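Heads up: the structure comes next, in structure tokens.
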Amino acid sequence: MTSFNGRFFDGGYSGTISGGRNYITEQINNVEKQISKLQSVRFFSCDYSKMDIPDGSIIYCDIPYKGTKQYHVSRQFDYDRFWQWCLSKKEQGHTVFVSEYNAPDEIECVWSKEITNSLNTTITYKPVEKLFRI
5 MTSFNGRFFD
15 GGYSGTISGG
25 RNYITEQINN
35 VEKQISKLQS
45 VRFFSCDYSK
55 MDIPDGSIIY
65 CDIPYKGTKQ
75 YHVSRQFDYD
85 RFWQWCLSKK
95 EQGHTVFVSE
105 YNAPDEIECV
115 WSKEITNSLN
125 TTITYKPVEK
135 LFRI
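Numbering-wise (my numbering), the sequence shown opens with residue 5 and increments by one.
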């Protein structure tokens with residue numbers, strides 16, 4: 005349930021430092037507040053191309069960001085195949101949203117925001133997080 009800028013530290017977790025924020029408790033409380041709104045939502049974790057998607061669905065994909073450190077399970081992610089799949093889903097009448105730093109030129113960016121990423125006090129970078137709509 006806990007992560008840092010989307011990375012789960014390959015097995016680590018977040019906690020509380022010197023009486024500061026308790027990120028785990030905040031995340032649990034946030035999920036508990038939203039449970040009633042999530043009753044009819046279906047979550048899946050599988051190969052995207054193997055999902056049975058109902059007609060007219062809104063599909064949200066949080067893929068491994070290209071050019072960033074990959075998890076062991078995502079090192080072979082085929083970005084070209086993924087974007088082709090997104091375009092085919094649009095042709096089938098679905099609306100597809102994808103979080104990524106970049107997308108092919110023909111894909112529309114509908115939201116972006118500079119974020120701060122740092123894993124220590126000396127190295128900080130500010131990528132632009134984007135949401136694309138296909």
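Don't be surprised by glycine CBs; every beta carbon is placed ideally from N, CA and C. Just so you know, these numbers come straight off a predicted model, no measurement behind them.
Bridge partner(s) assigned by DSSP for residue i
{"i": "residue 62", "result": "99"}
{"i": "residue 135", "result": "103, 115"}
Under the three-state DSSP convention, the category residue i falls into
{"i": "residue 30", "result": "helix"}
{"i": "residue 104", "result": "strand"}
{"i": "residue 125", "result": "coil"}
{"i": "residue 86", "result": "helix"}
{"i": "residue 6", "result": "For residue 6, the pLDDT reaches just 47, beneath the cut-off of 50, and the residue's location in the model is therefore unreliable, although a value from the coordinates is still provided. Residue 6: coil per DSSP, three-state reduction."}
{"i": "residue 38", "result": "helix"}
{"i": "residue 52", "result": "helix"}
{"i": "residue 44", "result": "coil"}
{"i": "residue 93", "result": "helix"}
{"i": "residue 16", "result": "At residue 16 the pLDDT is 47, less than 50, meaning the model places this residue with poor confidence; the figure from the coordinates comes in the next sentence. Three-state result, residue 16: coil."}
Buried or exposed by the 16-neighbour rule on C-beta atoms within 10 Å, applied to residue i
{"i": "residue 90", "result": "buried"}
{"i": "residue 36", "result": "exposed"}
{"i": "residue 93", "result": "buried"}
{"i": "residue 104", "result": "buried"}
{"i": "residue 15", "result": "For residue 15, the pLDDT reaches just 47, beneath the cut-off of 50, and the residue's location in the model is therefore unreliable, although a value from the coordinates is still provided. The residue in question, residue 15, is exposed, as its Cβ has fewer than 16 Cβ neighbours within 10 Å."}
{"i": "residue 102", "result": "buried"}
Contact set for residue i: own chain, Cβ-Cβ below 6 Å, skip 5 residues either direction
{"i": "residue 50", "result": "none"}
{"i": "residue 114", "result": "135, 137"}
{"i": "residue 68", "result": "74, 78, 81"}
{"i": "residue 38", "result": "none"}
Cβ neighbours of residue i in the same chain (closer than 8 Å, five flanking residues each side left out)
{"i": "residue 112", "result": "136, 137, 138"}
{"i": "residue 61", "result": "98, 99"}
{"i": "residue 52", "result": "65, 86, 89"}
{"i": "residue 132", "result": "105, 116, 117, 118, 119"}
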